[in-house]
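So the sequence lines, in the order shown, correspond to chains A and B.
According to my numbering, the first sequence is numbered sequentially starting from 153.
According to my numbering, the second sequence is numbered sequentially starting from 153.
Here a beta-carbon is modelled for each residue, glycine too, at the ideal position from N, C-alpha and C.
Predicted, not measured: the structure shown is a model, and the values here were computed from it.
Inspection log for the structure reproduced underneath, given as structure tokens.
Protein chains: 2
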Amino acid sequence: MKNYELVLQQVEADLAAGRLRLGGRLPGERALAEQLGISRPSVREAVRVLEALGVVRTATGSGPEAGAVIVAEPSAPLTALLRLHLATSHLPMHDIVQTRVLLESWSAQEAAGLFAEKARHEVAGEDLVAKLAVAEELLERMDGEGLSPEEFHLLDAEFHVALAGLAGNVLIAAVMGSLRSAIHGYVLAAVPNLPNWDATAIGLRTEHRAIVAAIRDGQGDDAARLVTEHIEGFYRAARLSSPTW
Amino acid sequence: MKNYELVLQQVEADLAAGRLRLGGRLPGERALAEQLGISRPSVREAVRVLEALGVVRTATGSGPEAGAVIVAEPSAPLTALLRLHLATSHLPMHDIVQTRVLLESWSAQEAAGLFAEKARHEVAGEDLVAKLAVAEELLERMDGEGLSPEEFHLLDAEFHVALAGLAGNVLIAAVMGSLRSAIHGYVLAAVPNLPNWDATAIGLRTEHRAIVAAIRDGQGDDAARLVTEHIEGFYRAARLSSPTW
DNA sequence: CGAGCGGCTGTGGTCGGACCACAGCATAGC
DNA sequence: GCTATGCTGTGGTCCGACCACAGCCGCTCG
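This is how it looks when you write it as structure tokens:
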């Protein structure tokens with residue numbers, strides 16, 4: 153048993169037992185070291201791991217914001233995980249695209265179902281409408297003139313993540329967000345492969361609007377199909393089917 | 153920019169550029185520290201992070217197995233990630249079950265499609281058959297008498313992960329494996345909720361065999377439906393719809 | 001009396017050096 | 001030729017020190 157693992161065990165146990173909770177703070181590194189009978193470097197290695205897993209956020213200085221604060225940020229570590237394993241070339245780009253299609257088409261279908269239910273039962277669904285409004289606002293911004301491919305793609309990524317959030321599954325939304333972030337650099341690098349960026353952007357905008365319309369109208373099958381074609385079409389056009397360039 | 157992040161960047165860049173590859177080794181901690189102009193403790197923190205993310209495996213001693221060896225083990229860190237964030241109650245059990253249903257039903261459908269294609273085109277597919285054989289062997293072992301719920305469930309988890317692997321998407325298979333590992337403890341704790349464990353086990357065995365048969369026969373829709381019912385049925389029976397006990 | 005400013009304190013961030021345990025390997029001795 | 005022993009390089013751990021940072025408190029000056 154390596155020493156730093158003692159800290160991980162301790163923190164996990166404290167979390168599970170409720171002795172540590174969101175917003176709380178870990179004891180100082182020096183105090184933790186003395187409590188567990190290990191050295192400060194060992195404690196620091198453990199804190200780094202917790203930080204890498206999105207469990208704590210560290211900051212220097214003093215006050216309530218300083219120190220190792222307990223947070224719950226699964227997306228960032230998921231992104232790092234995917235990026236690194238993508239870099240090892242043991243995570244084929246094809247698998248990532250396939251996963252995106254699966255998660256996003258499911259989300260679209262689910263979201264459309266929620267809208268259909270809302271229409272049938274006259275249920276509230278303000279939350280749903282608000283989320284869709286956020287997505288549509290992103291579409292507006294994507295209509296702006298003079299957007300660079302990078303700016304456009306950042307908005308596009310946000311839009312897709314917002315769509316995934318419509319279904320209300322935080323795990324799937326987190327995975328989607330991480331997938332987008334992890335491949336962002338790769339997608340940008342593939343933009344020059346496109347025969348005509350402006351034409352591509354116009355097509356993407358049109359497809360986005362069709363997807364939103366299908367979801368709002370509760371047409372789940374249409375929404376899922378449109379999302380699938382949208383994603384696969386782009387990756388095919390950008391010849392982004394492989395992580396080897 | 154913290155110093156240890158220099159190491160992460162360097163390693164990621166080396167991985168992407170092919171200067172580091174699977175099975176290769178990182179330079180020694182002392183060498184790495186000198187190369188980047190930082191101290192060994194900083195390097196060590198970075199190596200810990202890489203280890204926590206499943207990118208390297210460290211070992212003492214000398215020889216080709218010693219040092220920081222590049223590996224690609226995304227499942228272990230994913231499991232840790234999910235476990236920790238489950239503990240913070242920011243990951244509802246319902247979302248996890250929903251995700252399982254999505255990933256597993258997709259995998260089953262995809263795998264059935266592969267079998268159907270294999271039957272049509274007389275293509276090789278030894279790999280596919282071998283994987284299915286592994287899954288079936290797990291079913292045999294699950295037939296054993298006197299299995300404790302824990303032993304049964306471990307085999308069950310392996311079986312489901314094997315099914316997810318049939319579709320050949322390493323990302324989805326990894327996520328599935330991590331989901332199973334992360335909730336293993338929760339599922340076991342819910343076994344007492346079942347009215348009759350022996351009867352449940354018999355039902356699960358029957359359903360498993362039906363799923364395998366549907367996949368082998370290339371009946372994708374049936375396979376997906378059976379998987380969905382199988383998973384949802386169990387969670388409903390175990391009243392495992394919420395992370396609060 | 002009040003407001004502003006400057007140390008004080010506690011936090012993480014970094015460093016250099018030291019020693020240990022371990023595993024392989026080369027070499028000396030049998 | 002074979003065995004055993006020490007050498008070497010690896011990560012694992014520790015110590016003590018110093019730095020940068022941010023909030024807090026008290027002092028000083030207007």
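Of all the options the options, which has the alpha carbon lying nearest to the alpha carbon of residue i?
i        : options                                : result
B:Ala263 : B:Gly296, B:Ala351, B:Gly320, B:Ala220 : B:Gly320
A:Ala110 : A:Leu172, A:Met153, A:Leu236           : Residue 110 of chain A is absent from the structure shown; chain A starts at 153 and stops at 397.
A:Glu203 : B:Ser214, B:Gly176, B:Leu233, B:Gly189 : B:Leu233
B:Phe267 : B:Trp258, B:Leu318, B:Thr358           : B:Leu318
B:Gly215 : B:Leu188, B:Leu167, B:Gly180           : B:Gly180
B:Pro347 : B:Ala390, B:Arg377, B:Ile363, B:Gly329 : B:Ala390
A:Val221 : A:Ala362, A:Val199, A:Arg177           : A:Arg177
B:Glu157 : B:Ala183, B:Gly175, B:Arg200, B:Arg182 : B:Arg200
A:Ala260 : A:Gln161, A:Phe386, A:Val364           : A:Val364
A:Gly219 : A:Ala183, A:Pro301, A:Lys270           : A:Ala183
A:Pro229 : B:Gly206, B:Ser241, B:Ala366, B:Glu217 : B:Gly206
B:Pro344 : B:Glu302, B:Ala366, B:Gly296, B:Met153 : B:Glu302
B:Leu331 : B:Arg196, B:Met153, B:Ile190, B:Thr231 : B:Thr231
A:Met153 : A:Arg388, A:Glu289, A:Ser194           : A:Ser194
A:Ser241 : B:Asp373, B:Gln371, B:Gly175, B:Arg357 : B:Gly175
B:Leu439 : B:Asp373, B:Asp308, B:Arg388, B:Gly329 : Residue 439 of chain B lies beyond the residue range present for chain B, which begins at 153 and ends at 397; the question has no answer from this structure.
Rounded to whole angstroms, what's the CA-CA distance from residue i to residue j? Just pull it up for me.
i        : j        : result
A:Ala185 : A:Arg192 : 5 Å
A:Leu299 : B:Leu284 : 50 Å
A:Thr212 : A:Ala239 : 31 Å
B:Gly265 : A:His382 : 23 Å
B:Ile324 : A:Glu384 : 18 Å
B:Gly277 : A:Asp247 : 19 Å
B:Leu291 : B:Asp350 : 16 Å
B:Gly337 : B:Ile354 : 22 Å
A:Phe304 : A:Met294 : 6 Å
B:Ala224 : A:Met245 : 15 Å
A:Val339 : A:Arg368 : 28 Å
A:Val327 : B:Trp258 : 16 Å
B:His273 : B:Asp279 : 16 Å
B:Leu167 : B:Arg173 : 6 Å
B:Leu243 : A:Val322 : 7 Å
A:Leu188 : B:Ala341 : 30 Å
B:Ala287 : B:Glu359 : 14 Å
A:Val159 : B:Leu160 : 22 Å
B:Val379 : A:Asn155 : 43 Å
B:Val163 : A:Ala198 : 20 Å
B:Lys270 : A:Thr352 : 37 Å
A:Gly296 : A:Ala362 : 19 Å
B:Ala165 : B:Arg171 : 8 Å
B:Ala366 : B:Ala376 : 9 Å
A:Leu306 : A:Pro226 : 20 Å
A:Glu289 : A:Phe386 : 22 Å
A:Gly217 : B:Ile190 : It is worth fixing the name first, because residue 217 of chain A is Glu in this sequence and not Gly. Cα to Cα, A:Glu217 sits roughly 27 Å from B:Ile190.
B:Thr210 : A:Arg388 : 39 Å
A:Gly372 : B:Val281 : 35 Å
A:Gly329 : B:Gly329 : 20 Å
A:Ser169 : B:Gly370 : Reading off the sequence shown, one finds Ala at residue 169 of chain A, where the question assumed Ser. Cα to Cα, A:Ala169 sits roughly 47 Å from B:Gly370.
A:Val208 : A:Arg196 : 12 Å
A:Asp374 : B:Glu256 : 23 Å
Based on DSSP bridge pairs, tell me the residues matched to residue i.
i        : result
B:Thr380 : Bridge partners of B:Thr380: none, in fact.
A:Gly219 : A:Ala211
A:Arg177 : A:Val221
*Pair every Cβ in the stretch 251-259 of chain B with every Cβ in the stretch 306-318 of chain B, then say whether three or more of these pairs are closer than 8 Å.*
Yes, the stretch 251-259 of chain B is in contact with the stretch 306-318 of chain B.
*What alpha helix (DSSP H) runs, 4 residues minimum, are completely inside the stretch 296-364 of chain B?*
Segments of the alpha helix (DSSP H) lying fully in the stretch 296-364 of chain B: 301-318, 322-342.
*At 4 residues or longer, and completely inside the stretch 225-272 of chain A: list those alpha helix (DSSP H) runs for me, N to C.*
If we require 4 residues or more, the alpha helix (DSSP H) runs fully inside the stretch 225-272 of chain A come out as 227-239.
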